[in-house]
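There are 2 protein chains.
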Amino acid sequence: MALRPLPLETALREVGAEIDRLFETLLPVPLDSRARLYEAMRYAAIGGGKRMRPFLVVAGCDLFAVDRARALRVGAAIEAIHVYSLIHDDLPSMDDDDLRRGKPTLHRAYDEATAILAGDSLHALAFEILADEATHEDPFVRGELVAALARASGPDGMAGGQMMDLMAEEAELDLASVTRLQQLKTGALIGCCLESAAIMGRVPPEGRAGLRGYARDIGLAFQIADDLLDHEGCEEKAGKRVGKDAGAGKETFVSLLGADRARRQAEALVDQAIEHLLPFGAAADPLRAVARFAIERDH
Amino acid sequence: MALRPLPLETALREVGAEIDRLFETLLPVPLDSRARLYEAMRYAAIGGGKRMRPFLVVAGCDLFAVDRARALRVGAAIEAIHVYSLIHDDLPSMDDDDLRRGKPTLHRAYDEATAILAGDSLHALAFEILADEATHEDPFVRGELVAALARASGPDGMAGGQMMDLMAEEAELDLASVTRLQQLKTGALIGCCLESAAIMGRVPPEGRAGLRGYARDIGLAFQIADDLLDHEGCEEKAGKRVGKDAGAGKETFVSLLGADRARRQAEALVDQAIEHLLPFGAAADPLRAVARFAIERDH
Chain A
1 MALRPLPLET
11 ALREVGAEID
21 RLFETLLPVP
31 LDSRARLYEA
41 MRYAAIGGGK
51 RMRPFLVVAG
61 CDLFAVDRAR
71 ALRVGAAIEA
81 IHVYSLIHDD
91 LPSMDDDDLR
101 RGKPTLHRAY
111 DEATAILAGD
121 SLHALAFEIL
131 ADEATHEDPF
141 VRGELVAALA
151 RASGPDGMAG
161 GQMMDLMAEE
171 AELDLASVTR
181 LQQLKTGALI
191 GCCLESAAIM
201 GRVPPEGRAG
211 LRGYARDIGL
221 AFQIADDLLD
231 HEGCEEKAGK
241 RVGKDAGAGK
251 ETFVSLLGAD
261 RARRQAEALV
271 DQAIEHLLPF
281 GAAADPLRAV
291 ARFAIERDH
Chain B
1 MALRPLPLET
11 ALREVGAEID
21 RLFETLLPVP
31 LDSRARLYEA
41 MRYAAIGGGK
51 RMRPFLVVAG
61 CDLFAVDRAR
71 ALRVGAAIEA
81 IHVYSLIHDD
91 LPSMDDDDLR
101 RGKPTLHRAY
111 DEATAILAGD
121 SLHALAFEIL
131 ADEATHEDPF
141 VRGELVAALA
151 RASGPDGMAG
161 GQMMDLMAEE
171 AELDLASVTR
181 LQQLKTGALI
191 GCCLESAAIM
201 GRVPPEGRAG
211 LRGYARDIGL
221 AFQIADDLLD
231 HEGCEEKAGK
241 RVGKDAGAGK
251 ETFVSLLGAD
261 RARRQAEALV
271 DQAIEHLLPF
281 GAAADPLRAV
291 ARFAIERDH
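As you go down the protein sequences, you meet chains A and B in turn. Okay, so the first sequence: first residue is 1 according to full-length UniProt numbering, each after it adds one. Okay, so the second sequence: first residue is 1 according to full-length UniProt numbering, each after it adds one.
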């Protein structure tokens, strides 16, 4: 899994810079005692992460010629949800992590109470962004975006998956259960990126099967690759603690399948994801690059 | 502040029962390891509290002949936000409370991680409810509801007020600062109840000044009365710890004004709130009763 210099990396950096600028605008530090809250939100949301989710939204929106500024707003909303979930997952009573995106976790840099409130505030901000007419002029589209994100992040999506993950320390999960857990914990929000692109592109629900399949497959491929990196990996490159699932006695794709079969499974998923993109032609090349990146990255 | 038997209490109990039934339907316990998450959400959301916010939504919607089932959905969404905020505020790193609505707080009955996730899940549920077409057939109305709730609950509303409250332990606040803090911490969400009623009733923004004034006044009156109850009160009736603000060295309306002036101020606010309702005639009687209840209750 050696890192190769890809045009994708440039494209990811570009989207990352645009998302940073958007959060800069959305999070001006006020001149009262809420300053600390805004500073904490900025610490967590600006200048870190691969920005994979905003990139998926932007690349998905490009299939349907959606205005980039609007696609970036949707990407920022989903990233705000992702960042809030990282803040809360890192808390002492959850995964108790000290390092995130190469710097101290928010509750270590600030304090627990501020971290909880900054997470809650980014959670609300996500829906504020989507409900704003700057995101789309048609209120029906905005409503669909809100509904999709609330579903993907709530108890039947990301938060439900995180609960399953907490319970996994006490249960011996089989492959089907780990797959289901990961589909909720990380897959639902990745799915929401492509679903949101389809909504912005006015693709009716019955026309979204290909993008849904693509999202499902890369979601699992990313997770298997994460498990492989966690198994083999290096803390410095990951920017977070590695080897923690094995330490907690949790089953992963690697512990259940072995590293070789897990790697082959991830490769098969990437091939399958790319097949789903066939109808979109060359316009889907950035999405194909993301799929390959899932298993080619070293962080 | 003796409790008098009021028809309002019956009306509050009725709305409370309807909100309980709605949460029962919205939160079916799944047959997987997310069961604990749903049980925690139900523990916190069903069967407790005065249900003042849903009542304000329903009574506000009655001014504009909004269908009651739809008004209740909006009330449940705002109550879900209120409940999530109580769960997170009670956490050990925040107010560290053991008792809420007459029973152990969620993190005491379950654990901290489950409490954080149950709060996050109720947060997402609120927006899922509002974005559903069962709440309103017009997506523009749903979008306005989402925008209003996100604003009222985020860093420029409830969460921002909670941050100010955390910072208040280290600062000596004056009356203007305490007023501003409370307007964000509790006033914004109370305002959102009436704002949402106006949105459901198709009242344009420029026609909402009276309801906004009413909400602002009763929000402050409720807070002053809470401070008075906290100052004089009894833990058994309150269903939560009392006297904690004085214990934490925080300024309150009572510490700044003295009990007598605080009580007169609350009474003046209630009179002023009722004046704002003049244009609505007898249809606003339940809202008048709520205003009086703010200073007449003993819990």
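Every residue, glycine too, gets a C-beta built ideally from N, C-alpha and C.
**Request:** Along the alpha helix (DSSP H) that carries residue 84 of chain B, what are the first and last residues, could you check?
**Result:** 68 to 89
**Message:** Quick check on DSSP: helix, strand or coil for residue 51 of chain A?
**Reply:** Coil at residue 51 of chain A, not helix or strand.
**Asked** Nearest to residue 249 of chain A by CA position, among A:113, A:170, A:82, A:61, is which residue?
**Response** A:170
**Message:** Run through chain B and tell me which residues come within less than 8 Å of residue 132 of chain A, C-beta to C-beta.
**Reply:** 147
**Item:** Uninterrupted alpha helix (DSSP H) stretches inside the segment 165 to 247 of chain B (no shorter than 4 residues)
**Value:** You should have 175 to 182, 188 to 200, 209 to 232, 235 to 238, 244 to 247.
**Message:** On the CB-based measure, 16 or more other CB atoms within 10 Å of its CB, does residue 21 of chain B come out buried or exposed?
**Reply:** exposed
**Request:** Look at the alpha carbon of residue 211 of chain A and the alpha carbon of residue 197 of chain A, and state the distance between them as a whole number of angstroms.
**Result:** 9 Å
**Prompt:** Whole-angstrom Cβ separation of residue 125 of chain B and residue 160 of chain B, contact assumed at under 8 Å?
**Reply:** Residue 125 of chain B to residue 160 of chain B, Cβ: 22 Å. No contact.
**Request:** Leaving out five residues on either side along the sequence, give the residues of the same chain with a beta carbon under 7 Å from the beta carbon of residue 29 of chain B.
**Result:** 35, 38, 39
**Asked** residue 38 of chain B lies in the alpha helix (DSSP H); which residues open and close that run?
**Response** 35 to 45
**Asked** Any Cβ of chain A within less than 8 Å of the Cβ of residue 154 of chain B?
**Response** yes
**Request:** Please state whether DSSP places residue 30 of chain B in a helix, a strand or coil.
**Result:** It is coil, neither helix nor strand.
**Message:** Let me confirm a value: residue 24 of chain B is counted as buried when at least 16 other C-beta atoms fall within 10 Å, else exposed. Which label applies?
**Reply:** exposed
**Asked** What in chain A is Cβ-close to residue 162 of chain B, meaning under 7 Å?
**Response** 117
**Request:** Please list the partners that residue 36 of chain A has in chain B, where partner means a Cβ-to-Cβ separation under 8 Å.
**Result:** 163, 167
**Request:** Leaving out five residues on either side along the sequence, give the residues of the same chain with a beta carbon under 7 Å from the beta carbon of residue 51 of chain A.
**Result:** 12, 15, 16, 19, 79
**Asked** By a C-beta neighbour count over all protein chains shown, 10 Å radius and 16 as the cutoff for buried, is residue 258 of chain B buried or exposed?
**Response** Burial call: exposed.
**Message:** Do residue 206 of chain B and residue 148 of chain B have their beta-carbon atoms positioned less than 8 Å apart in this structure?
**Reply:** no
**Asked** Is the segment 100 to 114 of chain B in contact with the segment 100 to 120 of chain A, if contact means three or more CB pairs nearer than 8 Å?
**Response** no
**Prompt:** Going by the beta-carbon positions, is the gap between residue 83 of chain A and residue 122 of chain A smaller than 8 Å?
**Reply:** yes
**Message:** Taking 8 Å as the threshold (beta carbon to beta carbon), is residue 196 of chain B in contact with chain A?
**Reply:** Proximity of residue 196 of chain B to chain A, defined by a Cβ-Cβ separation below 8 Å, is not satisfied.
**Prompt:** Roughly how many angstroms lie between the CA atoms of residue 272 of chain A and residue 31 of chain A, to the nearest whole one?
**Reply:** 51 Å
**Prompt:** Does the distance from the C-beta atom of residue 58 of chain B to that of residue 68 of chain B stay below 8 Å?
**Reply:** yes
**Check whether residue 130 of chain B and residue 106 of chain B have beta carbons under 8 Å apart** = Their beta carbons are not under 8 Å apart, which means residue 130 of chain B does not touch residue 106 of chain B by this criterion.
**Prompt:** At which residues does the alpha helix (DSSP H) containing residue 123 of chain A begin and terminate?
**Reply:** Its alpha helix (DSSP H) spans residues 112 to 131.
**Message:** So that I know if they touch, is there some Cβ in chain B lying closer than 8 Å to that of residue 208 of chain A?
**Reply:** no
**Item:** Amino acids of chain A, ordered along the chain, whose beta-carbon sits closer than 8 Å to that of residue 171 of chain B
**Value:** 33
**Message:** Suppose the cutoff is 7 Å on Cβ atoms and the five residues either side in sequence are ignored; what does the same chain contact list for residue 192 of chain B look like?
**Reply:** The residues are 78, 148, 149, 152.
**Message:** List, in chain order, every chain A residue whose beta-carbon is nearer than 9 Å to that of residue 91 of chain B.
**Reply:** Identification of chain A residues near residue 91 of chain B by a Cβ-Cβ cut-off of 9 Å yields 93, 112, 113, 116, ordered along the chain.
**Item:** Delimiting residues of the alpha helix (DSSP H) encompassing residue 255 of chain A
**Value:** 253 to 257
**Message:** If you measure between the beta carbons of residue 213 of chain B and residue 190 of chain B, is that distance less than 8 Å?
**Reply:** Taking 8 Å as the Cβ cut-off, residue 213 of chain B and residue 190 of chain B do not qualify as a contacting pair.
**Message:** Does chain A have any CB closer than 8 Å to the CB of residue 200 of chain B?
**Reply:** For residue 200 of chain B, the answer is no, since every Cβ of chain A falls outside 8 Å of its Cβ.
**Asked** Got a sec: is the Cβ-Cβ distance from residue 28 of chain B to anything in chain A below 8 Å?
**Response** no
**Message:** Just to make sure I have the definition right: I need the residues of chain C whose C-beta is within less than 7 Å of the C-beta of residue 79 of chain A. Which are they?
**Reply:** The chain inventory of the structure shown lacks chain C, comprising the protein chains A and B.
**Asked** Of all the CB atoms in chain B, is at least one closer than 8 Å to the CB of residue 53 of chain A?
**Response** no
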